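First to last, the sequence lines map onto chains B and V.
So the first sequence is numbered by my numbering: it starts at 1 and just counts up by one.
So the second sequence is numbered by my numbering: it starts at 326 and just counts up by one.
Note that the Cβ used here is the ideal one computed from N, Cα and C, for glycine as well.
Computed from a prediction, not measured in an experiment: that's the story for all the values here.
There are 2 protein chains.
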Amino acid sequence: MAVTMADVARRAGTSIAVVSYVVNDGPRPVAARTRERVIAAAAELGYRHNRVAAALRSGSSGLVGVVLPDTVNPYFAALGRRLEEALTASGKLMVVANSGYDGRRQATAIEALLGAQVDGLIIVSASGADDPAGPATEEGASVVYVHHRPPGSATTLVAADNEAGVAAAVAHLREHGHARIDFLAGPTDEGPVGDRVAAWRATGVPGELLRSAFGRAAAARLVAGLGTVPRALVVATDEQAVGVLAACGAAGVDVPGRLALISCDGSPETAFTVPPLTAVEQPLAEMARQSVRHLLGEPVPGGTPAATLTVRRSCGCPHPGFPTP
Amino acid sequence: MAVTMADVARRAGTSIAVVSYVVNDGPRPVAARTRERVIAAAAELGYRHNRVAAALRSGSSGLVGVVLPDTVNPYFAALGRRLEEALTASGKLMVVANSGYDGRRQATAIEALLGAQVDGLIIVSASGADDPAGPATEEGASVVYVHHRPPGSATTLVAADNEAGVAAAVAHLREHGHARIDFLAGPTDEGPVGDRVAAWRATGVPGELLRSAFGRAAAARLVAGLGTVPRALVVATDEQAVGVLAACGAAGVDVPGRLALISCDGSPETAFTVPPLTAVEQPLAEMARQSVRHLLGEPVPGGTPAATLTVRRSCGCPHPGFPTP
DNA sequence: AGGTCGTATCTAAACGTTTAGAATCGATGT
DNA sequence: ACATCGATTCTAAACGTTTAGATACGACCT
């Protein structure tokens with residue numbers, strides 16, 4: 001059915017080997033005239049390189065597995081797209097799997113990806129999951145964790161430095177005149193949330209640590225139940241910040257008038273909330289690039305990328321398009 | 326390196342063929358005792374089925390390519406996840422590619438996916454792109470368009486019926502007392518937007534057709550520049566509705582007080598906007614299931630799935646958690 | 001002329017499966 | 001005893017590529 005290298009070789013009057021050399025641009029040189037004939041023959045016949053056959057023989061499938069908790073979450077969606085960009089630039093295809101924050105589903109997904117002979121695995125680990133890279137790395141597959149690595153794993157982790165960003169957020173709110181600055185985190189301090197809590201604590205600014213389950217509904221409940229609304233709040237994730245916004249909207253609490261808010265994550269959606277969220281923005285593009293380089297065993301230039309503060313409206317700053325009261 | 330069927334066969338004291346029969350559960354029967362021995366041997370050795378080798382021989386890679394304009398857009402993100410669920414249920418892995426709404430990138434992506442020998446292609450075509458399935462289907466690959474099919478293509482399309490949904494939206498706004506109901510669409514009526522505009526027109530209710538480029542910024546500009554704010558508006562996509570919301574927030578226009586809003590798409594994010602958006606919700610799960618069944622050549626039960634109205638706050642209805650004035 | 005080198009090409013053996021066709025082996029029927 | 005049959009298993013040929021080793025052929029040197 002499909003056009004194979006043998007067809008191209010026959011047409012170009014050469015052997016399969018040289019066709020392969022031309023297609024892969026190596027590992028042996030091909031005379032310019034021959035190369036032209038092969039290229040012409042391939043074009044005429046509509047040859048398409050069969051990566052499956054190549055994968056079987058060469059051991060590289062050109063596939064990279066990406067495991068994310070939930071690609072509908074804008075933060076992971078944004079990370080996923082950055083990863084795809086970085087992978088495409090390296091000629092890899094991205095196979096995605098959602099773990100749904102569930103360790104078992106994550107393990108199943110990884111198993112399926114390894115069966116597909118992926119060249120590597122980029123994992124944002126579900127919290128509470130055992131180290132899923134264990135079985136994977138035993139097989140010799142390369143694995144990189146992004147954003148969150150399960151406790152006890154020694155596998156490479158690519159994550160942003162949030163310390164400076166959170167400090168900047170706190171400093172910024174203080175400039176707006178807030179003496180107390182509270183922090184809203186999830187029920188546990190696992191993963192990057194822990195770093196953010198620590199960074200907030202490290203500033204030494206007085207304030208309370210509030211907790212709410214992950215998910216917007218929970219965050220909404222929290223704000224609704226709040227007796228005295230805190231004046232300034234740093235929120236650990238966009239997801240929760242959006243929940244806080246929804247709760248404030250429902251309760252008629254003015255943001256930033258009665259509650260100043262700074263979120264962490266800074267996924268694209270934060271630019272379009274009402275009001276637009278000021279956020280400690282994760283350097284997703286750089287994280288994606290570094291992950292891919294690690295995975296492919298290339299040198300990784302630049303150190304840990306740092307999250308930076310993106311100022312919009314929810315902190316109290318005037319923002320283009322918004323009337324300053 | 327890796328454990329192969331030959332290793333398992335040796336250990337189980339049988340031939341490679343029976344190992345294959347056991348692994349694939351066919352196409353020939355295996356005696357119960359032998360099967361057990363094979364399964365035990367495979368477990369002891371940690372055998373993992375090599376899908377690349379299987380793909381080369383059998384012609385089925387277990388991979389399905391999914392091409393989306395932009396996986397960061399919540400609507401496509403939600404569709405993507407539904408597709409992944411449906412594919413996983415059929416034992417397929419999903420390879421995603423973003424086209425960035427660009428015909429050229431879309432063509433490149435499809436080419437790469439075909440090279441990976443995907444078993445099929447699910448495409449949400451970039452508007453304005455030539456029929457990208459042409460070259461693909463010539464190769465015998467099966468292709469299904471979802472949501473939007475380029476004009477001139479005869480390939481299978483899976484899309485929702487928006488007529489009843491939009492009519493319900495218009496009727497609902499009328500019940501809220503609006504005599505005029507405007508409609509906000511993109512610059513062209515290509516794809517599903519056209520159906521929605523037509524459905525709005527078909528209701529015969531007086532109102533103006535407003536236009537704005539795709540993208541939230543453009544929608545924001547539109548509302549900001551509006552002399553007299555329309556009282557009731559149906560918006561063609563969530564993306565634009567979020568833009569309208571942002572513009573209203575910035576301009577201090579109360580939604581739904583001064584402007585009642587119903588969006589089309591109904592991606593998960595609409596539940597968490599301020600105020601929560603009433604929307605004509607696309608039956609994404611059903612669309613995903615149908616797409617996959619079409620792709621795999623299975624019978625597709627049920628006709629065209631219909632979009633349905635999900636009532637929240639932006640239309641003027643009271644909504645749980647919101648004080649009714 | 002004979003040897004040596006370099007370049008370009010060819011031959012053929014993998015890679016790990018799938019799956020027809022052949023082979024084996026009791027059991028059954030005559 | 002012998003042919004027949006069914007159930008099970010084995011043998012071996014693909015699938016389309018990659019790539020090491022063998023080969024062919026001038027050019028160059030002595």
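When secondary structure is reduced to three states using DSSP, residue 88 of chain B falls in the helix class. In this structure, the alpha-carbon of residue 514 of chain V lies about 8 Å from that of residue 522 of chain V. Pairing residue 431 of chain V with residue 402 of chain V gives a Cβ-Cβ distance that is not under 8 Å. Residue environment: residue 561 of chain V is assigned as buried (16 or more neighbouring CB atoms within 10 Å of its CB, all protein chains considered). In the DSSP assignment, residue 316 of chain B falls outside any beta strand (DSSP E) and carries neither an H nor an E. Interface criterion not met: the Cβ of residue 349 of chain V is under 8 Å from no Cβ in chain B. For residue 44 of chain B, not one C-beta of chain V is nearer than 8 Å to its own C-beta. In the three-state scheme derived from DSSP, where H, G and I count as helix and E and B as strand, residue 447 of chain V is classed as strand. As the crow flies, the alpha-carbon of residue 391 of chain V is around 9 Å from that of residue 438 of chain V. For residue 643 of chain V, the nearest beta carbon of chain B is not closer than 8 Å to its own beta carbon. Of the residues assessed, residue 383 of chain V falls on the exposed side of the cut-off, its CB having fewer than 16 other CB atoms within 10 angstroms. The stretch 630–637 of chain V and the stretch 590–603 of chain V touch, with no fewer than 3 CB-CB distances between them shorter than 8 Å. With a cut-off of 8 Å on Cβ pairs, the stretch 6–13 of chain B is in contact with the stretch 34–44 of chain B, counting three or more such pairs. For the stretch 248–315 of chain B, the full-length alpha helix (DSSP H) segments reaching 4 residues or more read 284–295 along the chain.
A distance below 6 Å between beta-carbons, with the five flanking residues on each side excluded, links residue 313 of chain B to the following residues of its chain, in chain order: 275, 276, 319, 322. Partner residues in the beta bridge of residue 470 of chain V, as assigned by DSSP, are V:448, V:482.
Unbroken beta strand (DSSP E) stretches of 3 residues or longer found wholly inside the stretch 348–416 of chain V: 388–393, given in chain order. At the C-beta level, residue 199 of chain B and residue 175 of chain B stay beyond 8 Å of one another.
Residue environment analysis places residue 558 of chain V among the buried positions, since at least 16 neighbouring C-beta atoms fall within 10 angstroms of its C-beta.
In the DSSP assignment, residue 95 of chain B falls within the unbroken beta strand (DSSP E) covering 93–98.
Among the CB atoms of chain V, none fall inside 8 Å of the CB of residue 204 of chain B. If only complete runs of 4 or more residues are kept, the stretch 169–210 of chain B shows the alpha helix (DSSP H) at 192–202, in order along the chain.
Remark: fewer than three beta-carbon pairs, one from each stretch, lie closer than 8 Å, so the stretch 620–629 of chain V and the stretch 575–588 of chain V are not flagged as touching.
At least 8 Å separates the CB of residue 408 of chain V from every CB of chain B. Contact between the stretch 404–422 of chain V and the stretch 144–152 of chain B is not established, with fewer than three Cβ pairs separated by less than 8 Å.
Look at residue 232 of chain B here: in three-state DSSP terms it is strand. When the beta-carbon positions are compared, residue 81 of chain B and residue 423 of chain V come within less than 8 Å of each other. Only residues of its own chain outside the window of five on either side were considered, and among them 419 have a CB closer than 6 Å to the CB of residue 409 of chain V, listed in chain order. Straight-line spacing of the CA atoms in residue 507 of chain V and residue 497 of chain V works out to 14 Å. Close CB contacts of residue 60 of chain B within its chain, under the 7 Å cut and outside five residues either way in sequence, are with 119 (chain order).
CA-to-CA, the gap between residue 23 of chain B and residue 49 of chain B works out to about 8 Å. Residue 436 of chain V and residue 442 of chain V have their C-alpha atoms spaced approximately 10 Å apart. Going by C-alpha positions, residue 159 of chain B is about 14 Å away from residue 153 of chain B.
Residue 211 of chain B is not a Cβ neighbour of residue 178 of chain B, given a cutoff of 8 Å. Interface flag for residue 56 of chain B against chain V is set, since a Cβ pair is found closer than 8 Å.
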